[in-house]
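Contents: one structure, followed by commentary.
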Amino acid sequence: MKSNRICDLFGIEYPIIQGGMVWISGWRLAAAVSNAGCLGLLGAGSMTPELLREHITKLRAATNKPWGVNLPLMNPQAEAFVQIIIEEGVKIVFTSAGSPKKYTTLFHQHGVKVCHVVSSSKFARKCEEAGVDAVVCEGFEAGGHNGREETTTMVLVPLVRKATTLPLIAAGGIASGDAWLAAEVLGAEGVQIGTLFALTEESSASAAYKERCTHLEEGDTMLTLKLLSPTRLVKNTLFGKIDEAEKEGAAREDLLQLVPPGSARRGIFEDDIDNGEVEIGQVASAIRSILPTSEVVQALIYSYENAINRLKG
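The opening position of the sequence shown corresponds to residue 12 in this note's numbering, with each subsequent residue numbered one higher.
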């Protein structure tokens, strides 16, 4: 497999980036992804500053390959995370949920490469103006928090490709070599994968979460909470309450009472798959087993090369 701008930018063998998912992307998963020749990310969004520093230390001891940190800019502790990232000499940061302008210059002054996640071509142009090094365009098939535009990955990638000259990574609904190749055909130079890595042995998610998500069928997830922050959730007891409230015209304050702080932790990390937020992408319906990350990456590469050969006839 030949190198491209994403591989060159991050110093990785394959243009595959692991999503920095809350309660899922700890040092074990990030290390396993990086050791497989891809780019592992720590999910700072569900950590305290002290815990992020601990995971950085453990990740650094577990791999000598490139890795990075995913930083949601709207997180109340974003400033503290930024300081730790700089103090610890982290070299790659994926930012999301906010304006990339705020910290990109500071990161660059400390030798940190910055990639920002967008859900529209408009925000991709703003990223280029802000000076980021690459962008991830994420379609609404993805799990967890999504863009309000509800644009699918196959529509979004070519639109973003036209809007910016930056190295481009596609995300949302990608869990096979076929989908990876399709994203490249549409203009992406790499892929960011969440759901597939969330359902691996090294993922920090609970066993109950993994069991539930590997038994999902088509249509078992839905984008909801659009008055707050659009979020793709598994249809469970909590989802039913949210859906009923939204159909009755619930106000923002009413929805906040249904999903208090800690809802995602309960659903993803603490086994409460009925009353917690169980965040996962649509493509979970195609995943039926929990495998080691190394095997997942090998299968991705094999199916990608197979797809190319099949098209060649």
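Backbone N, C-alpha and C fix where the C-beta goes; we use that ideal spot for every residue, glycine too.
| request: Entirely within the region 188-228 and at least 3 residues each: give me those beta strand (DSSP E) ranges in chain order. | output: 201-204
| Beta-carbon gap between residue 224 and residue 108 smaller than 8 Å | With contacts defined as CB atoms closer than 8 Å, residue 224 and residue 108 fail to qualify as a contacting pair.
| message | Let me check understanding here. Comparing Cα to Cα, which of 198, 104, 233 lies closest to residue 244? | response | 233
| field | Contained alpha helix (DSSP H) runs [length at least 4] in the region 69-151, N- to C-terminal order | value | 89-98, 112-120, 132-141
| If you pair each beta-carbon of the region 136-152 with each one of the region 163-172, do three or more pairs fall below 8 Å? | yes
| field | Residue(s) in a DSSP beta bridge with residue 290 | value | 244
| query | Where does residue 51 sit, in a helix, a strand or coil, going by DSSP? | reply | Correct three-state label for residue 51: strand.
| said: At the 8 Å Cβ level, is residue 55 part of the contact set with chain B, yes or no? | reply: Absent from the structure is chain B; it holds one protein chain and no more.
| request: Quick one: using the 10 Å Cβ neighbour count with 16 as the cut-off for buried, is residue 272 buried or exposed? | output: Exposed, by the Cβ-count rule.
| query | Run through DSSP, which three-state label would residue 262 get? | reply | DSSP, reduced to helix, strand and coil, places residue 262 outside both helices and strands of the structure shown, so it counts as coil.
| When DSSP labels each residue in this structure, what does residue 235 get in the three-state scheme? | strand
| message | Could you pull the DSSP bridge partners for residue 180 from this structure? | response | 147, 201
| Are the Cβ atoms of residue 106 and residue 82 separated by less than 8 Å? | yes
| query | So, using beta-carbon positions, are residue 216 and residue 35 closer together than 8 Å? | reply | Going by C-beta atoms, residue 216 is nearer than 8 Å to residue 35.
| query | Should residue 14 be labelled buried (16 or more other beta-carbon atoms within 10 Å of its own) or exposed? | reply | exposed
| field | Residue range of the beta strand (DSSP E) that includes residue 28 | value | Here the beta strand (DSSP E) through residue 28 covers 27-29.
| What does residue 155 pair with, by DSSP beta-bridge criteria? | 243
| said: Restricting to Cα atoms, I'd like to know which of 249, 231, 187 is closest to residue 317. | reply: Measuring from the Cα of residue 317, the nearest candidate turns out to be 187.
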